[in-house]
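Taking my numbering, the leading residue of the sequence shown gets 4, the next gets one more, and so forth.
Just so it is clear, CB atoms sit at the ideal spot from N, CA and C, and this is done for glycine as well.
As the structure is a prediction and not an experimental result, all values here were calculated from the model.
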Amino acid sequence: MSVFGMIASFALQSDGRIVLAVPFRPEGQLIRLDAMGGRDLSFPAPDSASDRFASSNIVKIAVQPDDKIIAADRDRLVRYNADGTFHQDFNDFADTTARRTFRANGINGLIIQPDSKILIACAGFSFYEAGTYRSGSGVIRMHSDGEIDVPFASRFYDGANFLPFPRATDAALAADGRILIAGPVNEGIDGLLRAEASGDLDPSFSPLNAPRIDQFAFAPDVNGNVATLELYPDGRIIAGGSGYGCERRAALRAGAFFAQRRARQWLRAE
């Protein structure tokens, strides 16, 4: 807990300043610190006219290469200029003629790609494509200006790319542009998928076939989630989450903490 309250997310701007997302803070949920950790008083708190999170809480933030700030609550994205002022021209669900019409059901991951596109992991999403309502689940991608990347999104809407789990709990971007997608773990479901940069699922990727983790707690008798992902520079994967129903032996092989048949796993995949 910080002096400002609970910090839900943070991101660095190019000059080393740190943007914090502090939910439940009525005077403004975005705060900026200087590189030394002091409060940056030049960063304005949004007024009631520009605060798009007056009735919700920011859960994720990310910074674009031009230092603009992308902020997300559970169902939408908003962009702020580098100085903290609201950026007007980004995403408008009411405009059914445009592609900037994104809504989500549970945003869990937010990544800015090297090409400035915005990758979102969520339980579900919807948007209008030239007046046609589309909905799907898993991951969706926007261009840097908030326009939906429709060729990518089409891999995940209207059942085009049926994911074996009902929601994406996180995502990670590999150096080659491929995307790791995390989700629930239960009988017959690995909880970890990989997609090509285009959005097509990679059928060759299966963590349960990997020699280092074929005996760990992501086994058929486990129910839980892969909740967070990080990648080593060499492509190895750190996956963290929680599971229920693990055998003690399986949890220990995962290097996990086991108590009362509940395990939290920090798992490494080759």
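Outcome for residue i when other beta-carbon atoms lying within 10 angstroms are tallied against a minimum of 16
{"i": "Gly279", "result": "This structure cannot settle anything about residue 279, because the visible part of the chain is limited to 4 through 273."}
{"i": "Phe130", "result": "buried"}
{"i": "Phe155", "result": "buried"}
{"i": "Ser140", "result": "buried"}
{"i": "Gly186", "result": "buried"}
{"i": "Ile114", "result": "buried"}
{"i": "Arg42", "result": "exposed"}
{"i": "Met4", "result": "Its pLDDT being 49, under 50, Met4 is placed unreliably by the model, and the measurement read from it follows with that caveat. Classification for Met4: exposed."}
{"i": "Ile184", "result": "buried"}
{"i": "Leu15", "result": "exposed"}
{"i": "Gln91", "result": "exposed"}
{"i": "Arg239", "result": "exposed"}
{"i": "Tyr83", "result": "buried"}
{"i": "Ala177", "result": "exposed"}
Limits of the beta strand (DSSP E) - the one that residue i falls within
{"i": "Val142", "result": "135 to 145"}
{"i": "Leu80", "result": "80 to 83"}
{"i": "Ala13", "result": "The amino acid occupying residue 13 in the given sequence is Phe; Ala does not appear at that position. Start and end: 12 to 15."}
Residue i in three-state terms, based on DSSP
{"i": "Pro187", "result": "strand"}
{"i": "Val25", "result": "coil"}
{"i": "Val229", "result": "strand"}
{"i": "Val66", "result": "strand"}
{"i": "Ala75", "result": "strand"}
{"i": "Arg252", "result": "In this predicted model, Arg252 has a pLDDT of only 34, less than 50, meaning its place in the structure is not dependable; the value taken from the coordinates is given anyway. DSSP places Arg252 in helix when its eight states are reduced to three."}
{"i": "Gly127", "result": "strand"}
{"i": "Asp173", "result": "strand"}
{"i": "Gly243", "result": "strand"}
{"i": "Leu235", "result": "Just to set this straight, residue 235 is Tyr in the shown sequence, not Leu. Residue state, collapsed to three classes: coil."}
{"i": "Ser59", "result": "coil"}
{"i": "Ile115", "result": "strand"}
{"i": "Gly8", "result": "strand"}
{"i": "Phe89", "result": "strand"}
The alpha helix (DSSP H) enclosing residue i, as first and last residue numbers
{"i": "Phe155", "result": "153 to 156"}
Distance, residue j Cα to residue i Cα
{"i": "Lys71", "j": "Asp78", "result": "20 Å"}
{"i": "Phe105", "j": "Ser12", "result": "21 Å"}
{"i": "Arg197", "j": "Ala171", "result": "12 Å"}
{"i": "Val142", "j": "Arg20", "result": "29 Å"}
{"i": "Val22", "j": "Glu150", "result": "24 Å"}
{"i": "Pro117", "j": "Ser201", "result": "15 Å"}
{"i": "Leu80", "j": "Ala74", "result": "6 Å"}
{"i": "Pro47", "j": "Thr88", "result": "7 Å"}
{"i": "Ile121", "j": "Leu36", "result": "24 Å"}
{"i": "Gly112", "j": "Leu44", "result": "29 Å"}
{"i": "Asp179", "j": "Ser119", "result": "15 Å"}
{"i": "Asp173", "j": "Asp148", "result": "22 Å"}
{"i": "Gly8", "j": "Gly40", "result": "15 Å"}
{"i": "Gly134", "j": "Asp237", "result": "43 Å"}
{"i": "Phe128", "j": "Phe159", "result": "9 Å"}
{"i": "Ile123", "j": "Ile34", "result": "23 Å"}
{"i": "Ile182", "j": "Phe27", "result": "32 Å"}
{"i": "Glu199", "j": "Val153", "result": "15 Å"}
Beta bridge counterpart(s) of residue i as assigned by DSSP
{"i": "Ala107", "result": "Phe128"}
{"i": "Arg42", "result": "Leu36"}
{"i": "Arg181", "result": "Paired residues: none, contrary to the question."}
{"i": "Ala200", "result": "In the DSSP output, where bridge partners are listed per residue, Ala200 has none listed."}
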